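Colleague: One structure is given below, represented as structure tokens, and several questions about it will come after.
There are 2 protein chains.
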Amino acid sequence: MHLFDQAIALAPLAEGRWQGRTSPEYANLVGPYGGILSACLMNAVLSDPRAAGDPVSITVNFCAAVPEGGYEIATRQIRAGKYLQHWSVELVSGGQICTTASIILAHRGADYSHQPVTAPVVPPAGECDLLDMAPMPMGWLHRYDFRFVEGPPPLSGLPTGGQGPARSVNWVADKPARPLDHLSLTSLSDSFLLRLFHVRGTLVPMGTVSMTTHFIATCEEIVEQGTAPVLGVADAIRFHGNFHDQHMQLWSASGKLLASGTQVVWFKQ
Amino acid sequence: MHLFDQAIALAPLAEGRWQGRTSPEYANLVGPYGGILSACLMNAVLSDPRAAGDPVSITVNFCAAVPEGGYEIATRQIRAGKYLQHWSVELVSGGQICTTASIILAHRGADYSHQPVTAPVVPPAGECDLLDMAPMPMGWLHRYDFRFVEGPPPLSGLPTGGQGPARSVNWVADKPARPLDHLSLTSLSDSFLLRLFHVRGTLVPMGTVSMTTHFIATCEEIVEQGTAPVLGVADAIRFHGNFHDQHMQLWSASGKLLASGTQVVWFKQ
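Line by line, the protein sequences give chains A and B. According to the numbering used here, the first sequence is numbered sequentially starting from 12. According to the numbering used here, the second sequence is numbered sequentially starting from 12.
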């Protein structure tokens, strides 16, 4: 069983109640990597017998660090219509709500299709160097292969007084390889280091407070992607008053937008 | 009292319970304009005596059309920490949850500030023509002054077989003028017509299912903006399988990013 699937595994407790457990393999500096938590919340909804359709949207709010050990997830169906389902999800640990999420599923059909924006033109993943993440202490960074095409993270810092670019473009894939699905895509949507680190090159107190991902690709396209790396683009517009925006796109190897999203990041100093 | 403030007015019923009412002035094709609903949900949290800090994030999930008439809003504080508060909000009408939201407030201080992306270079609002929205039936469109710099909506349709650009840039202001605050900024974040209409020029069945806005500007900057128009940029990357993404930025008259966000839109045909 892949480490990713182990990390998001859930035991059903009752209708709409699930037991999960933090995984040191996907640890962040404080608590679990947000992507693995998001994938676990998505897994709870997709595992619910009432669930119908594929993921369209997930918003995850990181209210408090999830302590190491077991946690409980509650899935609540808010509405189930002809095309769409709305779910609210809460993760509780130590008697406290640590994470909330809203998740939308939908039945999709073949319909109007148009992609006015093209994927960045970059060399194929096989021609790009693997980034050595050894200097970084976070476990989750070692669960992915990163190959940067533009704006690699300044792992050894920046020249004094300098500011790096907020934008980065990179190939990314599960390590070891795992065929793409909506669960791994949910996790990948958080696989971009915080833009504050890209710009400043130092690890000051910072963390994502809310993250939203919208899924545009259909199941067929995700299956077609297989274990090939996906292309990630991330950028930020403004850092101000202890917060910055961060937006991202994930593109298939064949240049289709799989998902796009945004997060808002708190920082201090 | 400004029509906007009338439309988002709430009567307190008990701790965390509020009574509101739909306003024909801000009607959409079906149900209320999403921006006015979002502002009303934000108003409920900001009116709660337990609220502390300024808005940082709002995600609104449109689960069902809100019927004309009265509705009730429940505000629930999920977590209140030193810097941040997390809230969950539900709007109920006719015994059904029609809208859910998660809202984050924060205390902000003066800290690192950096804006690597500059606002689009455009003529000042005073030099741009007002768009005549008379052909459009939705009430809310008449509550704003729109002045397009790029990609005006194809109100009279597109040549057969043609596709318009998804991207638009426009000045927008409350009509009549009203000093900007987080409530009107919340509403303005939804003031972009759906990109599917920009691209296809026809009103097929479509609607936003989830919308997220992140606020980067501080209160001082919002006050400083006063009644001046804000500059809105909206775009979409891909329309596929009954959904499209739509992202936006709202810039101050002096070129600062006030807010950015994303929505996911369902469509059929």
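In this text, a Cβ means the ideal position worked out from N, Cα and C, and glycines have one as well. Here the structure is a predicted model, which means the values were calculated and not measured.
Could you check whether the region 256-264 of chain B touches the region 96-110 of chain B, counting it as contact only if at least three pairs of C-beta atoms, one from each stretch, sit closer than 8 Å?
Modeller: no
Colleague: Report the residue from A:P78, A:F250, A:Y123 whose alpha carbon sits nearest the alpha carbon of V210 of chain A.
Modeller: Counted from its first residue, the first sequence places residue 210 of chain A at position 199. V210 of chain A has its Cα closest to that of A:F250, out of A:P78, A:F250, A:Y123.
Colleague: In whole angstroms, what is the alpha-carbon distance linking T238 of chain B and R189 of chain B?
Modeller: The residue you call residue 238 of chain B lines up with position 227 of the second sequence. The residue you call residue 189 of chain B lines up with position 178 of the second sequence. When rounded, the distance between both Cα atoms is 5 Å.
Colleague: Leaving out five residues before and five after Q17 of chain A in sequence, what residues of the same chain have Cβ atoms less than 7 Å from its Cβ?
Modeller: For this step, residue 17 of chain A is matched to residue 6 along the first sequence. Contacts found: S34.
Colleague: Considering only residues of the same chain and omitting the five flanking positions on each side of A63 of chain B, which have a CB-CB separation below 8 Å?
Modeller: What you label residue 63 of chain B is simply residue 52 of the second sequence in a count that begins at 1. The answer, listed in chain order, is A91, Q96, L116, H118.
Colleague: Kindly give me the distance between the Cβ atoms of A85 of chain A and G27 of chain A, rounded to whole angstroms, as I take these residues to be in contact under 8 Å.
Modeller: The count along the first sequence starts at 1 and reaches residue 85 of chain A at position 74. The count along the first sequence starts at 1 and reaches residue 27 of chain A at position 16. That pair is a contact at about 6 Å.
Colleague: Output the distance between the C-alpha atoms of F15 of chain B and I233 of chain A, rounded to the nearest integer angstrom.
Modeller: Counting from one through the second sequence, the residue named residue 15 of chain B turns up at place 4. Counting from one through the first sequence, the residue named residue 233 of chain A turns up at place 222. Rounded to whole angstroms, the gap between the alpha carbons of F15 of chain B and I233 of chain A is 43 Å.
Colleague: For V160 of chain B, which option in B:V241, B:W151, B:P134, B:P23 has the closest C-alpha, if you only look at C-alpha atoms?
Modeller: Position 149 of the second sequence holds residue 160 of chain B. It is B:P134.
Colleague: Three-state secondary structure (DSSP) at Y37 of chain A?
Modeller: To locate residue 37 of chain A, count along the first sequence from 1; it is residue 26. Y37 of chain A: helix per DSSP, three-state reduction.
Colleague: Let's see if you can read the secondary structure: which residues bound the alpha helix (DSSP H) around E26 of chain A?
Modeller: Taking the first sequence and counting its residues from 1, the one referred to as residue 26 of chain A is at position 15. No alpha helix (DSSP H) contains E26 of chain A, which DSSP labels as neither H nor E.
Colleague: I need the boundaries of the beta strand (DSSP E) containing G113 of chain B, first residue and last residue.
Modeller: As a first step, residue 113 of chain B must be located in the second sequence, where it is residue number 102. The amino acid at residue 113 of chain B is misidentified as Gly; the sequence shows Ser. Segment 107-117, the beta strand (DSSP E) holding S113 of chain B.
Colleague: Between the region 67-84 of chain B and the region 216-232 of chain B, can you find at least three pairs of beta-carbon atoms closer than 8 Å?
Modeller: yes
Colleague: Output yes if chain A places a C-beta closer than 8 Å to the C-beta of G168 of chain B; else output no.
Modeller: Sequence index remark: in the second sequence, residue 168 of chain B carries index 157 (1-based). Not closer than 8 Å to any Cβ of chain A, the Cβ of G168 of chain B fails to qualify, so no.
Colleague: Strictly below 9 Å CB to CB, what residues from chain B border W277 of chain A?
Modeller: As a working mapping, residue 277 of chain A is identified with position 266 in the first sequence. What W277 of chain A touches in chain B: V67, Y94, L95, A117.
Colleague: Contact criterion: CB-CB distance below 8 Å. Does S195 of chain A meet it with respect to chain B?
Modeller: Residue 195 of chain A sits at position 184 when you count from the first residue of the first sequence. No, S195 of chain A does not count as interfacial toward chain B.
Colleague: Could you list which residues in chain B have their beta carbon closer than 9 Å to that of L268 of chain A, in chain order?
Modeller: The residue you call residue 268 of chain A lines up with position 257 of the first sequence. Against chain B, a Cβ distance below 9 Å from L268 of chain A picks out I248, R249, H251, D256.
Colleague: In whole angstroms, what separates the C-alpha of G46 of chain A from that of I19 of chain A?
Modeller: Numbered from its first residue, the first sequence carries residue 46 of chain A at position 35. Numbered from its first residue, the first sequence carries residue 19 of chain A at position 8. Going from the Cα of G46 of chain A to the Cα of I19 of chain A covers about 10 Å.
Colleague: The beta strand (DSSP E) with I47 of chain B in it runs from where to where?
Modeller: Mapped onto the second sequence, residue 47 of chain B falls at position 36. Per DSSP, I47 of chain B belongs to no beta strand (DSSP E); it is in the alpha helix (DSSP H), 45-58.
Colleague: Going by alpha carbons, who is nearest to F208 of chain B out of B:D201, B:L191, B:A177, B:P187?
Modeller: Working through the second sequence from its first residue, we reach residue 208 of chain B at position 197. When only C-alpha atoms are compared, the closest one is B:A177.
Colleague: Any heavy atom of the ligand HEM closer than 7 Å to the Cβ of H153 of chain B?
Modeller: For the structure depicted, the ligand HEM is absent and the ligand set is empty, with no information on it obtainable.
Colleague: With distances taken Cα to Cα, identify the nearest neighbour of L214 of chain A among A:S58, A:W98, A:H13, A:N39.
Modeller: To locate residue 214 of chain A, count along the first sequence from 1; it is residue 203. L214 of chain A has its Cα closest to that of A:N39, out of A:S58, A:W98, A:H13, A:N39.
Colleague: I want to see whether chain B comes within less than 8 Å of S124 of chain A, judged by CB atoms only; does it?
Modeller: Working through the first sequence from its first residue, we reach residue 124 of chain A at position 113. Yes, its Cβ sits closer than 8 Å to a Cβ of chain B.
Colleague: Taking Cβ-Cβ distances below 8 Å as the criterion, which residues of the region 126-140 of chain B are in contact with chain A?
Modeller: Q126, P127, V128
Colleague: Name the chain A residues that come within less than 9 Å of S265 of chain B, Cβ to Cβ?
Modeller: As a working note, residue 265 of chain B is residue 254 in the second sequence. Chain A residues near S265 of chain B: none, gap ~13 Å exceeds 9 Å.
Colleague: Compare the C-beta of C51 of chain B against all C-beta atoms of chain A and say whether one is closer than 8 Å.
Modeller: The residue labelled residue 51 of chain B in the question sits at position 40 within the second sequence. Cβ-Cβ to chain A under 8 Å: no for C51 of chain B.
Colleague: Quick one: is N72 of chain B near chain A, going by C-beta distance under 8 Å?
Modeller: Taking the second sequence and counting its residues from 1, one reaches residue 72 of chain B at position 61. By this cut-off, N72 of chain B is an interface position.
Colleague: Assign S49 of chain A to one of two classes, buried (16 or more other C-beta atoms within 10 Å of its C-beta) or exposed (fewer than that).
Modeller: Start at 1 with the first residue of the first sequence, and residue 49 of chain A comes out as number 38. S49 of chain A should be labelled buried.
Colleague: What is the residue span of the beta strand (DSSP E) that V244 of chain B lies within?
Modeller: Here the question's residue 244 of chain B lines up with position 233 in the second sequence. Note, V244 of chain B: beta strand (DSSP E), 241-246.
Colleague: Report the neighbours of I227 of chain B on chain A: residues whose CB is nearer than 9 Å to its CB, in chain order.
Modeller: Stepping through the second sequence from its first residue, residue 227 of chain B is reached at position 216. Simply I248, R249, F250, H251, G252, F254, H255, D256, V275.
Colleague: Residues of chain B with CB closer than 9 Å to the CB of G120 of chain A, please, in chain order.
Modeller: Counted from its first residue, the first sequence places residue 120 of chain A at position 109. What G120 of chain A touches in chain B: G252, N253, K279.
Colleague: Beta-carbon of A177 of chain A versus every beta-carbon of chain B: anything under 8 Å?
Modeller: Taking the first residue of the first sequence as position 1, residue 177 of chain A is located at position 166. Yes, its Cβ sits closer than 8 Å to a Cβ of chain B.
Colleague: In this structure, does DSSP put T301 of chain B in helix, strand or coil?
Modeller: Since the first and last residues shown for chain B are 12 and 280, residue 301 of chain B lies out of range.
Colleague: For G172 of chain B and H125 of chain A, I'd like the C-alpha separation in whole angstroms.
Modeller: Residue 172 of chain B sits at position 161 when you count from the first residue of the second sequence. Residue 125 of chain A sits at position 114 when you count from the first residue of the first sequence. Their Cα atoms are separated by approximately 13 Å.
Colleague: Could you give the distance in angstroms between the alpha-carbon of S58 of chain B and the alpha-carbon of C51 of chain B?
Modeller: Stepping through the second sequence from its first residue, residue 58 of chain B is reached at position 47. Stepping through the second sequence from its first residue, residue 51 of chain B is reached at position 40. Straight-line Cα distance between these residues: approximately 10 Å.
Colleague: Closest by CA to I248 of chain B, which one among A:T110, A:Q30, A:F226?
Modeller: Taking the second sequence and counting its residues from 1, the one referred to as residue 248 of chain B is at position 237. It is A:F226.
Colleague: Among all the DSSP beta bridges, which residues are the ones paired with D192 of chain A?
Modeller: Start at 1 with the first residue of the first sequence, and residue 192 of chain A comes out as number 181. Paired residue(s): none; D192 of chain A is not in a bridge.
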